[in-house]
Amino acid sequence: MTSPALGGEAIRIADLYTAFGSQKVLDGVNLSVAKGETLVVLGRSGTGKSVLLRHLIGLQLPDSGSIQVLGEEITSLSGQPLYDMRKKVGFVFQNAALYDSLSVVENVEFPLGHLTPMTPAQRRERAMEILAQVGMEEAASKMPADISGGMKKRVGLARALALQPEMMLYDEPTAGLDPITSGEISDLILKLQEEHSLSSIVVTHDMRSAKAISNRVAMLDDGKIVYDGSFEALQDSENPFVSLFVQKGGG
Amino acid sequence: MSPEQEGVNGKAPSPSFLEWFGELGAFVAKLVTSTFTRPFHFRELLQQMHEVGTRSLPLVLLAGASTGIVLSLQTRESLVRFGAKSLLPVIIVMTILKESGPIITALVVCGRIGAGIGAQLGSMKVTEQIDAIEASGVNAFRLLAVTRILACVLMLPLLTIMADASGIFVGWIANTLVEHVSLASFIKEGFKGVTFMDFLPSTFRTAIFGFIIGLVGCFQGMRTKGGTEGVARSATSAVVISSLFVIVADVGLVRLIQLLSRP
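Residue numbers (numbering that gives the first Met the number 0), protein chains in the order written: chain A, 0 to 250; chain B, 0 to 262.
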């Protein structure tokens, strides 16, 4: 993927430390994402990639460190200002986290119904429009239990886009999918990034997906960023963990 | 950790008894501040009132009716033995209004709604649906917990009135099958000497039972950890803890009502 036109930083993470009991999860993470850039964070399962992502919308607080998202220090936000900030960020959960009592279209309408003054007809129109963008308009009336894993990811993506966010966070968007569906999701992410000019962080361990959608790649190991650079330069890294990851991941 | 950012990682060890009460206290404090501040989710509240009220009605009516039958059969036998059969209507009415109706309703709702709330919110928690609500910029606590607790508080007294009516009516049927007495004279005899002070405090104390049921269900549900097993644990503990709290609260409230209604 070619580099987008960048203008300032969307995210700046500085000296981020988080531990669960005695287990260090994030051990001095420093990262930044430029506006319009897609950063892919790679790493083994259970190394704190998802935790890092959750910190960015204040679903979890770090033990110490600074997280600036769209110019605001997220660690010092609480109450309504925190909710207002979250409206600017779309979050796609690993297992989609669709509301199982609502249909596909109602899932997409959910944030619109609660956070915008739209009428029901306007909400439905907007939801169908987004579902069309992710190729899910025909499944609009289905329940989440009746659609496949790949379809759930698409709906999760559509729901995250409903409020027209300035930034997207993807937690393992291709995990658990077959290679073809995984490729389709990567293409969809790429398409949406280009159409909406979003800044994004994608957490994954899927090297193919990382290659397809990244402007830049960071690798997390043992709570630390051990690589930060282009996907192409990953191959040349002298870090043994990065080399092993690239080798095993088919990069 | 701020209230909006709590309970996500699922890595913390199980809290001790005192920690549990501490967390419950923080939950109540959050509830107080969230209930009286905007935005209010009226549509969700109405839906929950329907769930707690309308959908519990058949069960509550049945429980009330069973109480009426049992009271009628058991009490008749004792009263006949002591030659005080004429007191049967008033004993049935007073017992149902003052104790049986409220406590039976509360325990039935504990089982149905307490388990339902615990399991539903628990399931939403472990499948990250609650996090998804938060991530989209909606206050999940206000949407899910405040509405459910309010629905329980508002619907319990109404369900109790229905259970009372069902119990008294079926108590009359059980009575009249043994020895015919018209409904009008049963009601007249039964409510002779009954004042609003016999009825109102007993009925409206169930709002407190409703608060307990909603609170414990939401609290246990929203702190669920550990997948399906955790959901089952939340549902069970919601029923057990809320039933226990309702019974303990009943003891205190009965004594309090007696003290307050003393001339």
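Yeah, the Cβ is synthetic: ideal placement off N, Cα and C, and Gly gets one too.
N- and C-terminal bounds of the beta strand (DSSP E) containing serine 31 (chain A): 22-33
How is the beta strand (DSSP E) around lysine 223 (chain A) delimited, first residue to last? Lysine 223 (chain A) -> beta strand (DSSP E) spans 223-228.
Along chain B, in chain order, which residues have C-beta atoms closer than 8 Å to that of arginine 85 (chain A)? Glu133, Ala134, Ser135, Gly136
So that I know if they touch, is there some Cβ in chain A lying closer than 8 Å to that of glutamine 46 (chain B)? no
Locate the alpha helix (DSSP H) running through arginine 153 (chain A), then write down its first and last residues. 148-160
Serine 199 (chain A) and threonine 46 (chain A) closer than 8 Å at C-beta: no
For a test of the three-state rule: what should DSSP assign to arginine 80 (chain B), helix, strand or coil? helix
Delimiting residues of the beta strand (DSSP E) encompassing tyrosine 16 (chain A): 8-19
Own chain residues within Cβ distance below 7 Å of lysine 87 (chain A), not counting five before or after: Residues of the same chain with a CB within less than 7 Å of the CB of lysine 87 (chain A), apart from the 5 flanking positions on each side, are Leu69, Pro164, Glu165, Met166 in chain order.
Anything in chain A within Cβ reach of glutamate 127 (chain B), meaning under 7 Å, just list it in chain order. Phe92, Asn94, Ala96
Validate contact between the segment 23-35 of chain A and the segment 230-240 of chain A using beta carbons, cut 8 Å, 3 pairs: No, they do not touch.
Shorter than 8 Å from the beta carbon of aspartate 130 (chain B) to some beta carbon of chain A? yes
When DSSP labels each residue in this structure, what does glutamine 163 (chain A) get in the three-state scheme? coil
For the beta strand (DSSP E) containing threonine 118 (chain A), name the first residue and the last one. Neither: threonine 118 (chain A) is in no beta strand (DSSP E) and is coded neither H nor E.
According to the Cβ coordinates, are lysine 23 (chain A) and valine 202 (chain A) closer than 8 Å? no
List the endpoints of the continuous alpha helix (DSSP H) containing glycine 251 (chain B). 226-260
Isoleucine 66 (chain A) - partner residues in DSSP beta bridges: BP columns for isoleucine 66 (chain A) point to A:Ile12.
Please list, in chain order, all residues of the same chain as serine 233 (chain B) whose beta carbon is under 6 Å from its beta carbon, the five residues on each side excluded. Gly117, Gly121, Gln219, Gly220, Thr223
DSSP beta-bridge partners of glutamate 71 (chain A): The partner list for glutamate 71 (chain A) (beta bridge, DSSP) reads A:Val68.
Hey, glutamine 67 (chain A) and isoleucine 10 (chain A) are a contact pair by Cβ (cut 8 Å); roughly how many whole angstroms apart? 7 Å
Option in B:Glu98, B:Gly189, B:Ile186, B:Gly110 with minimal Cα separation from valine 250 (chain B): B:Glu98
With distances taken from CA atoms, which of A:Ala95, A:Asp62, A:Gly89, A:Leu58 is nearest serine 77 (chain A)? If we check each option's Cα against that of serine 77 (chain A), A:Leu58 comes out closest.
Between the alpha carbons of leucine 106 (chain B) and valine 253 (chain B), how many angstroms are there, rounded? 16 Å
Within 8 Å, strictly: CB atoms of valine 92 (chain B) and isoleucine 167 (chain B): Yes, these two residues count as a Cβ contact at 8 Å.
For a quick check, are the C-beta atoms of leucine 97 (chain A) and lysine 151 (chain A) less than 8 Å apart? yes
Residue range of the alpha helix (DSSP H) that alanine 138 (chain A) falls in? Element bounds for alanine 138 (chain A): n/a, residue is neither H nor E.
Could you check whether the Cβ of isoleucine 184 (chain A) sits closer than 8 Å to any Cβ belonging to chain B? no
For alanine 139 (chain A), which residues from the same chain have a beta carbon less than 6 Å from its beta carbon, with the 5 sequence-adjacent residues on both sides left out? Val103, Val104, Leu130
Taking the DSSP output, what are the residues bridged to aspartate 220 (chain A)? A:Lys223
Round the Cβ separation of arginine 111 (chain B) and serine 165 (chain B) to the nearest angstrom and send it over; I've been treating them as touching at under 8 Å. Actually they do not touch by this definition, with Cβ atoms about 16 Å apart.
Taking the straight line between their C-alpha atoms, what separation do you get for glycine 9 (chain B) and valine 230 (chain B)? Annotation note: pLDDT 43 at glycine 9 (chain B) (below 50); position unreliable, no value reported.
Could you work out which residues of chain B lie near histidine 113 (chain A), taking near to mean beta carbons separated by less than 7 Å? Val137
So, is methionine 196 (chain B) buried or exposed, given that buried needs 16 or more other C-beta atoms within 10 angstroms? exposed
Assuming serine 181 (chain A) contacts serine 208 (chain A) (C-beta within less than 8 Å), just tell me the rounded distance between them. Contact holds; Cβ gap of about 6 Å.
With DSSP as the reference, label aspartate 197 (chain B) as helix, strand or coil. helix
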